[in-house]
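What follows is one structure encoded as structure tokens, with my remarks underneath.
Residue numbers (the working numbering): 318 to 644.
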């Protein structure tokens, strides 16, 4: 939610390939979720996905000779971040995509920054509400209503699925400012914190899944495309994508790296249309554009570079992963 100033001397070719790769990986995640829930319960899909991602980051940690956090206080806070930043939203997107198109889930994911801001301002007190941010929130709210198509009436399975996807974005709205307030000051790397977060989420899901929906099915009983989707979600979307994002932050700066938010719904729509043959109603992409415009206004991305630099100087704090990556 904060901005920083990236010098013009940063070579575009040094970060653009990773930036585009991240947009493709995260944008395609909604396709893989759609494929996964065809055979797996959303809770089981999330469990397999998160466990694969945790294993991937633990391997990266070992290779880089980094280590997991050792302070009990950090692990206690990670219980909250893992639940609201991983376990619950991933599961809600799975439930949502049982009812709506994968591309629509990608659009709802783009509302996350608009949900983060009011919670960061009113609940966690990590941000200040400025006029541009208020305007951005207003635009975003209008965009949400347009995506929902409220003039057509509400109700039904499709509407419920959209609310589930919005609920997933709302969970991120809790996790991000919580992490910024309670974990950002720790001395651990972003990679270490993310690996720990996935480990905690895996344990949470491993306890909850058998109690709620029974033991997960054996991977050998799943089709090849579902197994491939789980591996792609875990190893790429939940694991290696974070490493790419860390590099983007280091090379291009946090503000530039954060604009991948605008690419994710674009790729989600393209992949959903080309691979699954999905189609959207006219108001859904229009509403998405209004939402993204609201995000841009709220984040100060439409200001001149000097104005963005001033905002960055006034509010230098960033989420824990970004702060650790920029040390």
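Ideal Cβ placement from N, Cα and C applies to all residues, glycine included.
Everything numeric in this text was worked out from a predicted model, so none of it was measured.
Measuring only from the beta carbon, is residue 594 closer than 8 Å to any heavy atom that is part of the ligand GTP?
With respect to the ligand GTP, the structure shown offers nothing to examine, as it has no ligands at all.
Buried or exposed: which applies to residue 537, given that a residue is buried once 16 or more other Cβ atoms fall within 10 Å of its Cβ?
exposed
Have a look at residue 353 and residue 448 and give me their C-alpha separation to the nearest angstrom.
42 Å
Using beta carbons (cut-off 9 Å, strictly below), is residue 616 in contact with chain B?
Any reference to chain B falls outside this structure, which holds one protein chain only.
With three or more C-beta pairs closer than 8 Å as the rule, is the segment 490-499 touching the segment 437-453?
yes
Which residues in the same chain have their Cβ closer than 6 Å to the Cβ of residue 330, if we skip the five residues on either side of it in sequence?
none
Less than 9 Å separating the beta-carbons of residue 434 and residue 461?
no
What first and last residue would you give for the alpha helix (DSSP H) that runs through residue 390?
389-399
Classify residue 438: buried if its beta carbon has 16 or more other beta carbons within 10 angstroms, exposed otherwise.
buried
Under DSSP, the alpha helix (DSSP H) around residue 408 begins and ends at which residues?
405-414
Out of curiosity, what's the CA-to-CA distance linking residue 332 and residue 532?
42 Å
Would you say residue 666 and residue 529 are within 9 Å of each other, going by their C-beta atoms?
The requested residue 666 is not part of the displayed model; the chain covers only 318 to 644.
Given a threshold of 16 other Cβ atoms within 10 Å of its Cβ, counted over all protein chains shown, does residue 389 qualify as buried or as exposed?
exposed
When burial is assigned at 16 or more other CB atoms within 10 Å of the CB, is residue 280 buried or exposed?
The requested residue 280 does not occur in the structure, where the chain is confined to residues 318 to 644.
Between the segment 422-434 and the segment 608-615, are three or more C-beta pairs nearer than 8 Å?
Short answer: they touch.
Residue 423 and residue 586: beta carbons closer than 9 Å?
yes
Should residue 512 and residue 374 be called a contact, given that it needs their Cβ atoms to be closer than 9 Å?
yes
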